[in-house]
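Enquirer:
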Amino acid sequence: MKYNPTAIEEKWQKKWEDEKTFKATEDPAKPKYYLLEMFPYPSGKIHIGHVRNYTIGDVVARYKRMRGFNVLHPIGWDAFGMPAENAAIENKIHPAKWTHENISHMKKQLKRMGFSYDWDREVATCEADYYRWEQLFFIWMFEKGLAYKKRSSVNFCVKCDTVLANEQVESGLCWRCGTDVTEKVLDQWFFKITAYIDELLAYCDKLPGWPERVMTMQKNWIGKSTGCLVDFPRDDGQGAISVFTTRQDTLFGATFMLVAAEHPLVTQLASGKPCEKDVAAFVDKVKKQDKLMRTSEYYEKEGLFLDAYCINPLTGWKMPIYAANFVLADYGTGCVMAVPTHDQRDFEFAQKFNLQRVVVISPKDRTLDPATMTEAYVDEGVLVNSGPFNGMINTKALEDIADYLEAEGKGKRTIQYRLRDWGISRQRYWGAPIPMINCDQCGIVAVPEKDLPVVLPENVTFSPEGGSPLASLAEFVNTSCPKCGGSARRETDTMDTFVESSWYFERYCSPKHGIKPGLDRKALDYWMPVDQYIGGIEHAILHLLYARFYTKVLRDMGVVGVDEPFTNLLTQGMVCKETMKCPEHGYLFPEQGAGGKCAICGKDVILGKTEKMSKSLKNVIDPDFLVKTYGADTARMFCLFAAPPEKDLEWSEQGVDGSFRFLGRLWRIFDEYLEDIKPIAPVSGHPALADDLKTLRRKTHQTIAKVTQDIEDRFHFNTAISAVMELVNALYGVKRPDQTDQLALSVIREALEAAILLLTPIVPHMTEELWQILGHEKCASDMSWPVCDSAIASEDEMTIVIQINGKLRSRLTVPVDEPEEKIKACALADEKILSFLAGANVMKVIYVPKKLVNIVAK
RNA sequence: GCGAGAGUGGCGGAAUUGGCAGACGCACUGGACUUAGAAUCCAGCCCGCCUUGCGGUUAGGGGUUCAAGUCCCCUCUCUCGCACCA
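Under my numbering, think of the first position of the first sequence as 34, with each following residue one higher.
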């Protein structure tokens with residue numbers, strides 16, 4: 034009997050499909066477990082990253098099922114997005130067709146991997162059945178002021194021809210294509226994520242099941258800082274300039290004012306003055322400079338005096354006002370009070386423009402001289418030159434100065450955030466239409482609920498010049514106003530695709546629910562929240578923050594009953610592989626560089642760094658190839674064995690061979706014993722056993738304990754697999770018992786059955802097959818998880834290590850119940866120990882129960 | 001620059017609470033089987049040496065401890081995140 038993965042895998046996959054083995058139904062009698070992996074974008078084919086992500090999830094789902102949980106393990110498609118539209122432009126294929134073809138292909142690939150999804154809950158976000166509810170939620174958000182339209186300067190990617198949210202700009206570049214992001218002023222729809230900012234932040238400390246690192250990233254992104262708004266009256270009497278500061282303790286040292294170059298105040302202050310022209314030129318320059326500045330290594334601090342002054346509210350000093358390139362227009366008020374002695378940026382600026390410096394914080398060990406300082410003093414110290422606050426520790430004075438400002442009416446406490454509202458308008462076709470209508474008479478009017486969904490029209494034309502195809506489709510655009518009945522225009526922007534992925538996990542709970550609001554509260558109350566969410570770290574901010582926000586919005590609409598969508602989060606590492614390059618032909622695919630020679634020209638291949646698998650580096654492995662060559666079980670096993678899930682996984686062909694070999698090894702030992710053990714039941718109870726059988730049985734139960742712990746406590750499948758490998762090795766090590774030795778064979782059968790059941794979540798096809806061959810009627814995956822009998826697992830002897838001064842010198846084998854005193858005595862009487870101790874004095878003997886004896890000697 | 005994490009054989013990785021460093025696998029070496037190979041099975045496999053044994057070894061240095069890969073301090077390297085946020 035040979036191991037034939039293809040035949041076995043296809044057989045079981047067909048059975049799972051025909052019998053809907055993994056269909057999930059709400060059952061209040063059973064504890065639920067909602068396991069979710071981030072759903073894929075249907076780009077065409079699954080890649081190794083998917084295989085890894087979904088294998089990890091599948092093991093947990095199958096494991097939990099065997100542990101008696103009612104498991105929900107759904108899958109679907111993040112089906113709106115730009116690649117479909119780009120394909121439409123390039124290949125003249127409609128995005129809907131392209132998407133559906135990709136889905137059907139990838140669905141086959143996922144099924145071929147043997148993932149235990151409830152396919153009846155499959156969802157594709159590009160279907161009107163899905164996004165109609167999103168449109169309903171949009172209208173409700175609009176009514177509550179959580180969705181609003183605003184003319185604003187936005188991040189624009191020329192290549193993608195659309196707007197990007199702040200989160201989607203990575204060091205000045207588009208997160209998707211890496212093009213420089215430019216600024217554009219457009220009317221945009223926003224979701225008021227800032228309305229939930231405090232709750233989003235507060236829960237960062239209430240989600241212990243999330244990786245610290247992700248929470249830190251979210252906290253940083255939200256960027257809460259507490260401080261004061263302080264008013265600096267203008268000396269021309271035209272009101273005051275308000276600034277935000279977290280350092281009101283340095284207020285007495287503020288000697289000049291900085292305003293962001295883009296700030297309207299800049300041109301306003303300069304207007305009509307001799308400097309007006311220069312200022313205009315400066316503003317222009319900075320605006321152009323902006324995106325370069327963000328990406329360059331260091332910035333030249335530049336500024337221009339605006340020939341204007343304001344008054345320091347505490348000292349009464351006249352402060353010159355400068356426009357500066359390094360002040361952010363959209364943080365705080367866009368204006369900053371400058372304290373050159375205690376802020377490095379201000380220090381440099383003051384040096385360049387020769388501006389006044391006053392020390393207000395004095396270090397404990399020396400005195401600062403503003404004339405000779407070479408850098409700002411930013412540490413703690415005692416306040417000086419600070420009127421009534423002199424002598425106080427600056428960090429302690431923060432509250433007192435805030436009180437003082439409020440009492441004097443010169444400022445007030447305030448909190449600033451880095452997080453901005455989420456811009457969700459996209460000038461693209463392949464997305465969910467925003468259900469709004471613009472009427473000249475009535476303004477912005479929501480599409481009435483009864484008219485939903487606003488279906489994305491199919492008959493559009495795509496052009497390489499870009500621009501939204503919706504905007505040029507008259508029959509879509511032209512409509513009548515729901516309020517006044519007059520002619521009106523539809524909104525032609527579509528929603529950011531991150532909106533769809535912000536609630537798909539809720540839709541999975543009632544995927545076919547066709548009644549408003551598209552989510553069945555009863556089903557949601559049963560399944561939500563997601564107990565375990567698994568996906569890539571790249572979504573640490575974007576998707577995970579949006580989904581948290583959206584869930585809170587739905588909660589406040591009464592649609593969902595939970596505060597947070599994901600209780601536990603596992604961020605799996607990337608799949609990496611070394612790159613190969615031909616001096617002539619550039620990067621090579623693995624098969625082109627096999628054998629160290631370029632397949633095209635025969636030149637020696639240069640091996641490069643190990644990097645994340647990507648098409649552009651060509652260091653990719655095709656899952657189809659893996660499945661064809663080794664089978665899905667091997668592919669699954671290698672993904673789990675090569676590294677723990679949260680770490681990057683380095684792909685190795687030999688490693689895959691190794692996994693395949695192990696499965697063959699299990700298969701063969703099984704095959705070898707099959708005839709003999711088939712009629713025999715696994716050993717039960719506690720019969721007396723000969724030494725090697727007793728050892729095997731102990732190993733069996735120890736393995737059960739180890740694998741259970743590794744999966745349950747920390748998802749370390751690599752060590753779980755190696756434990757089963759050890760058990761299989763032990764089986765190989767046992768002398769083949771006589772065919773008539775029923776007791777011995779029953780011990781072997783127990784060991785083999787344990788190995789099979791423990792591997793069921795990991796390599797489900799092979800284990801089902803072996804289980805069936807053994808004569809079981811029930812499927813392995815319907816069995817309950819094996820239980821370790823600790824009486825069998827426990828050793829009756831133990832090895833005690835004997836150390837002298839912490840160095841290993843000898844070993845002792847004693848019964849487990851041997852008393853401490855006797856062990857110590859034996860250790861001291863040990864022949865090797867005696868020879869080492871010759872002439873030395875024993876100072877102390879330490880016994881660590883069941884582990885070691887350490888003799889301290891001089 | 002700031003913040004977080006990591007650094008263990010030729011390689012991927014193990015060592016869960018301070019207690020035998022290197023589980024398991026890969027690669028390599030040898031043996032068995034075979035006409036031969038593949039496959040398989042068995043064995044060896046951190047480094048050094050005066051090789052039944054001894055010494056060294058968890059990036060480097062110091063410390064705490066009977067005992068440190070693990071705890072503390074310093075230095076180096078790498079990865080990730082943030083990066084003029086006032």
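All C-beta atoms, glycine included, are put in the ideal place defined by N, C-alpha and C.
Check this for me: beta carbons of His749 and Asp743, under 7 Å apart or not?
Expert: Mapped onto the first sequence, residue 749 falls at position 716. Mapped onto the first sequence, residue 743 falls at position 710. A contact, by the Cβ cut-off of 7 Å.
Enquirer: Can you give me the Cβ contacts of Cys472 inside the same chain, cut-off strictly under 6 Å, excluding the 5 residues immediately before and after it?
Expert: The residue given as residue 472 occupies position 439 in the first sequence. Val478, Cys514 and Ala521.
Enquirer: Given a cut-off of 7 Å, decide if Thr600 and Glu644 are closer than it, judged by their beta-carbon atoms.
Expert: Taking the first residue of the first sequence as 1, we reach residue 644 at position 611. Taking the first residue of the first sequence as 1, we reach residue 600 at position 567. Contact: no.
Enquirer: Tell me the rounded alpha-carbon separation between Pro678 and Val487.
Expert: Within the first sequence, numbered from 1, the residue matching residue 678 stands at position 645. Within the first sequence, numbered from 1, the residue matching residue 487 stands at position 454. C-alpha separation (whole angstroms): 42 Å.
Enquirer: Using 8 Å for Cβ pairs, my map puts Gly222 next to Ser458. What's the rounded Cβ distance?
Expert: Along the first sequence, read from residue 1 onward, the residue named residue 222 stands at position 189. Along the first sequence, read from residue 1 onward, the residue named residue 458 stands at position 425. The sequence shown places Trp at residue 222, not Gly. Between Ser458 and Trp222 the Cβ distance is about 4 Å, and since that is below 8 Å, they are a contact.
Enquirer: On the CB-based measure, 16 or more other CB atoms within 10 Å of its CB, does Glu597 come out buried or exposed?
Expert: Mapped onto the first sequence, residue 597 falls at position 564. The residue in question, Glu597, is buried, as its Cβ has 16 or more Cβ neighbours within 10 Å.
Enquirer: Can you round the beta-carbon distance between Val849 and Asp829 to whole angstroms, since I take them to be within the 8 Å contact cut?
Expert: Locating residue 849 in the first sequence gives position 816, counting from the first residue. Locating residue 829 in the first sequence gives position 796, counting from the first residue. Confirmed, about 6 Å.
Enquirer: Hey, how far is the Cα of Pro337 from the Cα of Leu291?
Expert: As a working mapping, residue 337 is identified with position 304 in the first sequence. As a working mapping, residue 291 is identified with position 258 in the first sequence. Residue identity check: residue 337 is Leu in the sequence provided, not Pro. Taking the straight line from one Cα to the other gives about 9 Å.
Enquirer: Would the segment 822-836 and the segment 66-79 be scored as touching if the rule is three or more Cβ pairs under 8 Å?
Expert: no
Enquirer: Using a Cβ-Cβ cutoff of less than 7 Å, which residues in the same chain neighbour Gln389 once the five nearest sequence positions on both sides are dropped?
Expert: Residue 389 sits at position 356 when you count from the first residue of the first sequence. So the qualifying residues of the chain are Thr288.
Enquirer: Cβ of Trp166 within 6 Å of any heavy atom in the ligand MG?
Expert: The ligand MG is not among the ligands present in this structure, which contains no ligands whatsoever.
Enquirer: Cβ of Leu861 within 7 Å of Cβ of Ala890?
Expert: As a working note, residue 861 is residue 828 in the first sequence. As a working note, residue 890 is residue 857 in the first sequence. Annotated as distal: Leu861 and Ala890, with beta-carbon spacing of 7 Å or more.
Enquirer: For Lys397, tell me which candidate among Gly367, Gln384, Pro421 and Met425 has the shortest Cα-Cα distance.
Expert: Working through the first sequence from its first residue, we reach residue 397 at position 364. Among Gly367, Gln384, Pro421 and Met425, the Cα nearest to that of Lys397 is on Met425.
Enquirer: Looking only at its chain, what residues have a beta carbon closer than 7 Å to the beta carbon of Leu726, apart from the 5 residues adjacent to it on each side?
Expert: Translated into positions along the first sequence, residue 726 becomes position 693. Correct list, in chain order: Ala777 and Val780.
Enquirer: Quick test of your reading: Pro107 and Tyr437, contact by CB under 8 Å. State the CB separation rounded to the nearest angstrom.
Expert: Within the first sequence, residue 107 is the residue found at index 74, counting from 1. Within the first sequence, residue 437 is the residue found at index 404, counting from 1. The Cβ separation is near 58 Å, so there is no contact.
Enquirer: With Ile835 as the anchor, note down where its alpha helix (DSSP H) starts and where it stops.
Expert: Numbered from its first residue, the first sequence carries residue 835 at position 802. Per DSSP, Ile835 belongs to no alpha helix (DSSP H); it is in the beta strand (DSSP E), Glu830 to Ile837.
Enquirer: Based on Cα-Cα distance, which residue from Asn135, Gly147, Gly90 and Thr88 lies nearest to Lys44?
Expert: Within the first sequence, the letter at position 11 stands for residue 44. The candidate whose alpha carbon is nearest that of Lys44 is Gly147.
Enquirer: For a quick check, are the C-beta atoms of Trp700 and Ile654 less than 7 Å apart?
Expert: Taking the first sequence and counting its residues from 1, the one referred to as residue 700 is at position 667. Taking the first sequence and counting its residues from 1, the one referred to as residue 654 is at position 621. No, these two residues do not count as a Cβ contact at 7 Å.
Enquirer: List the endpoints of the continuous beta strand (DSSP E) containing Cys343.
Expert: Reading the first sequence from its first residue, position 310 is the one you call residue 343. Counting along the chain, the beta strand (DSSP E) containing Cys343 begins and ends at Gly336 to Ile344.
Enquirer: Can you look up Asp433 in the DSSP assignment and give me helix, strand or coil?
Expert: Indexing the first sequence from 1 puts residue 433 at position 400. Residue state, collapsed to three classes: helix.
Enquirer: Would Ile702 be called buried (16 or more neighbouring beta carbons within 10 Å of its own) or exposed?
Expert: Numbered from 1 along the first sequence, position 669 holds the residue referred to as residue 702. Buried.
Enquirer: Do Cys343 and Ile274 have their beta-carbon atoms positioned less than 7 Å apart in this structure?
Expert: As a first step, residue 274 is located in the first sequence; it is residue number 241 there, counting from the start. As a first step, residue 343 is located in the first sequence; it is residue number 310 there, counting from the start. Against a cut-off of 7 Å, the Cβ pair of Cys343 and Ile274 comes out as a contact.
Enquirer: Kindly indicate the opening and closing residues of the beta strand (DSSP E) around Cys609.
Expert: What you label residue 609 is simply residue 576 of the first sequence in a count that begins at 1. Looking at the DSSP string, the run of the beta strand (DSSP E) that includes Cys609 is Val608 to Cys615.
Enquirer: Taking only three categories from DSSP, how would you classify Arg390?
Expert: Walking along the first sequence from the start, residue 390 turns up at place 357. Looking at Arg390 - three-state DSSP - the assignment turns out to be coil, as it is neither helix nor strand.
Enquirer: Beta-carbon separation of Val393 and Phe285 under 7 Å?
Expert: In the first sequence, counting from the first residue as 1, residue 393 sits at position 360. In the first sequence, counting from the first residue as 1, residue 285 sits at position 252. For Val393 and Phe285, yes; Cβs fall inside 7 Å.
Enquirer: Could you give the first and the last residue of the continuous beta strand (DSSP E) run that contains Tyr67?
Expert: Against the first sequence, residue 67 aligns to sequence position 34. Lys65 to Glu70 is the span of the beta strand (DSSP E), which, as asked, contains Tyr67.
Enquirer: What do you reckon, are the CB atoms on Gly664 and Glu42 nearer than 7 Å?
Expert: Locating residue 664 in the first sequence gives position 631, counting from the first residue. Locating residue 42 in the first sequence gives position 9, counting from the first residue. Yes; because the gap between Cβ atoms is below 7 Å, this pair is in contact.
Enquirer: Restricting to Cα atoms, I'd like to know which of Asp526, Asp822, Leu603 and Tyr96 is closest to Ala753.
Expert: Locating residue 753 in the first sequence gives position 720, counting from the first residue. Checking every option, the nearest Cα to that of Ala753 belongs to Tyr96.
Enquirer: Using alpha carbons as the reference points, say which of Ser647, Met646 and Pro623 lies closest to Val638.
Expert: Your numbering for residue 638 matches position 605 in the first sequence. Of Ser647, Met646 and Pro623, the residue nearest in Cα terms is Pro623.
Enquirer: Run through DSSP, which three-state label would Trp131 get?
Expert: Counting from one through the first sequence, the residue named residue 131 turns up at place 98. Residue state, collapsed to three classes: helix.
Enquirer: Which of the three DSSP states, helix, strand or coil, is assigned to Lys270?
Expert: For the purposes of this step, residue 270 is taken as the residue at position 237 of the first sequence. The identity of residue 270 in the sequence shown is Gly, whereas the question assumes Lys. In the structure shown, Gly270 sits in coil (DSSP, three-state: anything other than H, G, I, E or B).
Enquirer: What three-state label does DSSP hand Cys237 in the structure shown?
Expert: What you label residue 237 is simply residue 204 of the first sequence in a count that begins at 1. Cys237: coil per DSSP, three-state reduction.
Enquirer: Buried or exposed: which applies to Glu50, given that a residue is buried once 16 or more other Cβ atoms fall within 10 Å of its Cβ?
Expert: The residue labelled residue 50 in the question sits at position 17 within the first sequence. With fewer than 16 Cβ atoms within 10 Å of its Cβ, Glu50 is classed as exposed.
Enquirer: Rounding to the nearest angstrom, what Cα-Cα distance links Ala235 and Lys429 in this structure?
Expert: Looking up residue 235 in the first sequence gives position 202. Looking up residue 429 in the first sequence gives position 396. Ala235 and Lys429: Cα-Cα distance of roughly 25 Å.
Enquirer: What whole-angstrom Cβ distance do Ala19 and Pro819 have, given they're in contact under 8 Å?
Expert: Residue 19 lies beyond the range of the chain shown here (34 to 891); nothing can be said about it.
Enquirer: Can the beta-carbon of Thr158 be found closer than 7 Å to that of Glu705?
Expert: By 1-based counting over the first sequence, the position of residue 158 is 125. By 1-based counting over the first sequence, the position of residue 705 is 672. Going by C-beta atoms, Thr158 is not nearer than 7 Å to Glu705.
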